[in-house]
Amino acid sequence: MTPKRTGSTLISGFMNALKPSSKLEVPTQGPYSKSFAGSSTFLPTTSLLGKVAVVTGSSRSTGAAVARCLGEHGASVVVNYVTDSAAADAVVLAIRSQGKGGAIAVKANTSTVEGGLFLLDEAIKTFGRIDILVLNAGVMGSRSLGEVDEAFFDAHFETNVKVPLFMCKRAAEVMPSPGGRIVLFSNSLTAASTVLPNALCYLATKGAVEQISRVLAKDLGARGITVNTISPGPIDTPLFREGKSQHVIDGIAKQTPSRRLGEPDDVAPIVAFLVSEAGHWVNGQNIRVDGGYVV
Ligand SMILES: NC(=O)c1ccc[n+]([C@@H]2O[C@H](COP(=O)([O-])OP(=O)(O)OC[C@H]3O[C@@H](n4cnc5c(N)ncnc54)[C@H](OP(=O)(O)O)[C@@H]3O)[C@@H](O)[C@H]2O)c1
Numbered sequence: 001m002t003p004k005r006t007g008s009t010l011i012s013g014f015m016n017a018l019k020p021s022s023k024l025e026v027p028t029q030g031p032y033s034k035s036f037a038g039s040s041t042f043l044p045t046t047s048l049l050g051k052v053a054v055v056t057g058s059s060r061s062t063g064a065a066v067a068r069c070l071g072e073h074g075a076s077v078v079v080n081y082v083t084d085s086a087a088a089d090a091v092v093l094a095i096r097s098q099g100k101g102g103a104i105a106v107k108a109n110t111s112t113v114e115g116g117l118f119l120l121d122e123a124i125k126t127f128g129r130i131d132i133l134v135l136n137a138g139v140m141g142s143r144s145l146g147e148v149d150e151a152f153f154d155a156h157f158e159t160n161v162k163v164p165l166f167m168c169k170r171a172a173e174v175m176p177s178p179g180g181r182i183v184l185f186s187n188s189l190t191a192a193s194t195v196l197p198n199a200l201c202y203l204a205t206k207g208a209v210e211q212i213s214r215v216l217a218k219d220l221g222a223r224g225i226t227v228n229t230i231s232p233g234p235i236d237t238p239l240f241r242e243g244k245s246q247h248v249i250d251g252i253a254k255q256t257p258s259r260r261l262g263e264p265d266d267v268a269p270i271v272a273f274l275v276s277e278a279g280h281w282v283n284g285q286n287i288r289v290d291g292g293y294v295v
């Protein structure tokens with residue numbers, strides 16, 4: 001006979017569950033390595049067939065992983081770069097070699113509204129439509145209040161906030177309704193208490209991005225276009241490494257439960273999910289993809 005669970009046995013069971021147990025101990029050694037290689041997801045690899053995606057800043061780092069992952073799932077992808085055309089061509093080749101969607105590389109500086117709109121125009125010229133817009137390109141300078149001048153402030157807000165907003169505006173005019181997908185990029189540090197003073201302008205822009213995403217989700221959501229934010233933790237890219245000693249980098253890596261930095265391929269599958277049909281009911285969310293760096 002199953003013993004009757006009284007209030008006190010329920011409470012003592014709960015308290016026992018809180019006691020340290022060897023089975024539940026968090027490992028102190030690390031880092032543990034990734035359990036998968038590449039950027040595949042559980043999504044069918046045809047889930048984005050027929051879709052056209054624009055990914056800003058996608059010749060290298062996180063944007064390149066996102067572009068490759070969307071291509072892997074069948075999307076035609078506009079790969080955007082500003083300096084490294086060889087890297088952009090390599091991403092294009094990788095997507096084309098999947099034999100699903102097409103891919104082109106477009107040189108466009110998305111730190112100006114003109115550059116951002118040019119990128120969208122090129123996408124429409126080549127593929128005739130835009131279904132997915134991933135606003136990944138960003139700048140991250142390190143200056144505390146005393147060192148911030150107007151040019152530094154403006155550069156951050158132009159690239160990280162103003163251009164993404166006007167690209168959303170233009171893309172929304174041509175996106176399928178319902179069915180369009182917009183993904184913006186923030187940083188999980190917006191929710192962390194361990195923020196350094198030199199993150200001032202960068203995180204101010206990311207706070208703005210999160211609010212733009214929330215409000216647009218209501219506005220464009222009425223037309224069946226979803227708008228979400230991805231907030232990575234520390235990802236091992238040139239943007240992250242710039243200006244940091246290896247000692248500092250190792251210290252940051254140790255702050256994630258798995259004691260390693262994130263990699264672009266850790267982030268890409270979540271973007272693929274959000275822009276797929278499977279993600280249609282996820283709208284206005286800020287998804288932290290940081291291995292538990294900020295909880
Ligand atoms: N890395 C992190 O730790 C981290 C953490 C949280 C959030 N994020 C966010 O994630 C996003 C991507 O970060 P990331 O670390 O992957 O960046 P990254 O290493 O700086 O990305 C480089 C890519 O961005 C392109 N790019 C740079 N400026 C551009 C511009 N003005 N116009 C067009 N393309 C441009 C580069 O093109 P070229 O090859 O031509 O130079 C290259 O493809 C950013 O929004 C960042 O704020 C990053």
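Numbered according to my numbering, the sequence shown spans residues 1 to 295.
By construction, the Cβ of each residue, glycine as well, lies at the ideal position given by its N, Cα and C atoms.
Just so it is clear, the structure is predicted and the values come from calculations on it, not from any experiment.
message = For Gly141 and Leu120, what's the separation of their Cα atoms in angstroms?
response = 26 Å
beta-carbon Asn109 near ligand 1 non-hydrogen atom, thresh 7 Å = yes
task = Indicate whether the contact test is met: 3 or more Cβ pairs, each with one atom in the stretch 216-223 and one in the stretch 258-278, closer than 8 Å.
result = no
task = Would you mind listing the beta strand (DSSP E) stretches within the stretch 159-217 that are 3+ residues and don't spill past its ends, in chain order?
result = 181-185
Where Ala172 falls, given that 16 or more other Cβ within 10 Å makes a residue buried = buried
inquiry  = Using a Cβ-Cβ cutoff of less than 7 Å, which residues in the same chain neighbour Gly63 once the five nearest sequence positions on both sides are dropped?
reply    = Val55, Thr56, Gly57, Asn136, Ala137
Limits of the beta strand (DSSP E) - the one that Pro269 falls within = Per DSSP, Pro269 belongs to no beta strand (DSSP E); it is in the alpha helix (DSSP H), 264-275.
query = How long is the line joining the alpha carbons of Gln98 and Pro44, rounded to whole angstroms?
reply = 14 Å
inquiry  = Threshold first: 4 residues or longer. Then list the alpha helix (DSSP H) segments lying entirely within the stretch 96-127, N to C.
reply    = 113-127
query = What three-state label does DSSP hand Ala53 in the structure shown?
reply = strand
task = Go through its chain and collect everything with a Cβ distance to Thr237's Cβ below 8 Å, but skip five positions before and after it.
result = Arg60, Ser61, Thr62, Pro264
query = Does DSSP classify Thr226 as helix, strand or coil?
reply = strand
request  = Report the residue from Ala253, Ala278, Leu93 whose alpha carbon sits nearest the alpha carbon of Val294.
outcome  = Ala253
query = Is Ser231 near Ser186, with beta carbons less than 8 Å apart?
reply = yes
inquiry  = Below 7 Å, is the gap between the Cβ of Pro176 and the nearest heavy atom of ligand 1?
reply    = no
Reduced DSSP category for Cys92 - H, G, I as helix; E, B as strand; rest coil = First, the residue type needs correcting, since residue 92 is Val and not Cys in the sequence shown. DSSP places Val92 in helix when its eight states are reduced to three.
key: Host alpha helix (DSSP H) of Ile235 (start-end)   = That residue, Ile235, is in no alpha helix (DSSP H); it is neither H nor E in DSSP.
inquiry  = Give me the residue from Val163, Asp290, Ala67, Gly251 with the minimum Cα distance to Ile235.
reply    = Asp290
request  = Report yes if the C-beta of Arg60 is less than 7 Å from at least one heavy atom of ligand 3; otherwise report no.
outcome  = Annotation note on ligand 3: not contained in the displayed structure, which lists ligand 1 as its ligands.
Member of Thr205, Ile212, Lys125, Asn198 whose CA lies at the smallest distance from the CA of Gly243 = Asn198
message = Using the Cβ count rule (16 or more neighbours within 10 Å means buried), how would you classify Trp281?
response = exposed
query = Is there at least one non-hydrogen atom of ligand 1 closer than 7 Å to the beta-carbon of Asp84?
reply = yes
query = Based on Cα-Cα distance, which residue from Val227, Val209, Ala204, Gly251 lies nearest to Arg143?
reply = Ala204
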